[in-house]
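Just below is one structure, and these are the notes that go with it.
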């Protein structure tokens, strides 16, 4: 054994081979002995070298594909004996609807929302089992449910936080739903109250709750395609004032401002559009991560126009505004998990502007009154044309009848 590197024997007589190679192949016997001799040799045993599975083709870390389309994810491995390939969806116990073709590739035909998640390719033979993972992102769907919902009970309030699920490929908003649990309700069901969550936030303070009453909380995600499933329901009891003491006066203290709003938002009209300029927030506890621009038209609801403005920018050009309309703009800032209050609002009226950029960049901003006026004008012109045509036909028929009657009447004869 001293001539074979990495070979040794243990006190119990076992042979240890640190690195298996061709030198280890063969037939082995063991002969125990002591000072009185030996009782014989053991039965022979054969040593064979086998290779554990090793991947020859690995899937990519992530795949993005539209719902309803086909997605093929390759995976291949070799070993001795040849390994078998199996695909598993992490965290799922039911049927996934996916198939494995003759090349051990995972096939989604068609891809559905429920197949979104982490998938593992597992190669197994008699020696070992190895695996590799990939993430499948299904685009063009409603949002997935939020996870890790937690409720922190406060004085007559509760702070709800969560982790967003996959947004389905579109910007998603959140709303918090809650309802009290009444021991003896007057009716069989109780109503849920919903609160909108500010853009970019992953937590919300629910205030004005009743003390020492149980509440149920859930979070709902929505995008342009619809609503996702509600999160799991979490029950919590807000804290109330101590019953033996009078509620203390709130101490006079200065609240720490984590993130103040952007400052001095202004708007200037240019030949290319409206140029918005601002100053960064005066106070923020962590580095700024960006801004979001909101607008509303003709006193309508606020909509997010751009939510990915870099934190280094202090101006943005807004093209594509509609003629003879009234707009309002405001900014919010992001810093870590904090979102600021909106900045000051600036008003922009496009009445009397000399140059109007292309409307194709903001097609959704066409005001409903303008659209109604256009449709009404077209309908009026159509009715006028039809009425004029009918009137002309009636006049022509009457004229033709008079001419025909004159031809049929006998001529007048005058005698002296």
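Numbering (UniProt numbering), first residue to last: 1 to 416.
Glycine included, C-beta positions come from ideal geometry on N, C-alpha and C.
{"Asked": "Per-residue burial, residue 221 [other beta carbons within 10 Å of its own, 16 or more giving buried]", "Found": "buried"}
{"Asked": "Alpha-carbon spacing of residue 104 relative to residue 312, whole angstroms", "Found": "48 Å"}
{"Asked": "Three-way DSSP call (helix, strand, coil) for residue 117 in this model", "Found": "strand"}
{"Asked": "Contact belief for residue 146 with residue 160 at Cβ below 8 Å, rounded distance in angstroms", "Found": "10 Å between Cβ atoms; not a contact."}
{"Asked": "Nearest-angstrom beta carbon gap, residue 228 and residue 142 [assumed within contact, 8 Å]", "Found": "5 Å"}
{"Asked": "Secondary structure of residue 395, DSSP reduced to three states", "Found": "helix"}
{"Asked": "DSSP three-state assignment for residue 73, whether helix, strand or coil", "Found": "strand"}
{"Asked": "Residues near residue 27 in its chain [Cβ-Cβ closer than 6 Å; skip 5 each side]", "Found": "44, 46"}
{"Asked": "Reduced DSSP secondary structure (H/G/I, E/B, other) of residue 402", "Found": "helix"}
{"Asked": "Rounded straight-line distance, which links the Cα of residue 80 to that of residue 53", "Found": "7 Å"}
{"Asked": "Unbroken beta strand (DSSP E) run spanning residue 63, endpoints", "Found": "62-66"}
{"Asked": "Contacts around residue 42, its chain only, beta-carbon distance under 6 Å, and the 5 residues preceding and following it disregarded", "Found": "29, 30"}
{"Asked": "Cβ-Cβ distance between residue 6 and residue 17 below 8 Å", "Found": "yes"}
{"Asked": "Host beta strand (DSSP E) of residue 34 (start-end)", "Found": "Looking at the DSSP string, residue 34 is not in any beta strand (DSSP E), and its letter there is neither H nor E."}
{"Asked": "Pairwise C-alpha distance: residue 75 and residue 82", "Found": "14 Å"}
{"Asked": "The stretch 58-68 touching the stretch 131-141, judged by at least three CB pairs closer than 8 Å", "Found": "yes"}
{"Asked": "DSSP-derived helix/strand/coil call for residue 48", "Found": "coil"}
{"Asked": "Residue 397, buried or exposed, once every other Cβ within 10 Å from all chains shown has been counted against 16", "Found": "exposed"}
{"Asked": "Among 347, 301, 34, 218, the one whose alpha carbon lies nearest that of residue 268", "Found": "347"}
{"Asked": "Residue 196 vs residue 261 beta-carbon contact at 8 Å", "Found": "no"}
{"Asked": "Residues sharing a beta bridge with residue 291, DSSP", "Found": "309, 333"}
{"Asked": "Selected residue, minimal CA-CA separation from residue 78, among 48, 129, 34, 71", "Found": "129"}
{"Asked": "Supposed contact pair residue 213 and residue 237 - C-beta distance, whole angstroms, cut 8 Å", "Found": "7 Å"}
{"Asked": "Other residues of its chain near residue 282: CB distance less than 7 Å, five sequence neighbours each side excluded", "Found": "260, 263"}
{"Asked": "Residue 457 (DSSP reduced to helix, strand or coil)", "Found": "Limits of the chain in this structure are 1 at one end and 416 at the other, which puts residue 457 out of reach."}
{"Asked": "Assigned secondary structure, residue 389 (DSSP; H/G/I helix, E/B strand, else coil)", "Found": "helix"}
{"Asked": "Limits of the beta strand (DSSP E) - the one that residue 173 falls within", "Found": "173-180"}
{"Asked": "Sequence-distant residues of the same chain with beta carbon closer than 7 Å to residue 206, five excluded per side", "Found": "157, 158, 160, 176, 178, 195"}
{"Asked": "Residue 23, buried or exposed, once every other Cβ within 10 Å from all chains shown has been counted against 16", "Found": "exposed"}
{"Asked": "Beta-bridge partners of residue 302, as assigned by DSSP", "Found": "According to DSSP, residue 302 bridges with nothing at all."}
{"Asked": "Buried/exposed call for residue 393, threshold 16 Cβ in 10 Å", "Found": "exposed"}
{"Asked": "For residue 85 and residue 107, the rounded distance between their alpha carbons", "Found": "13 Å"}
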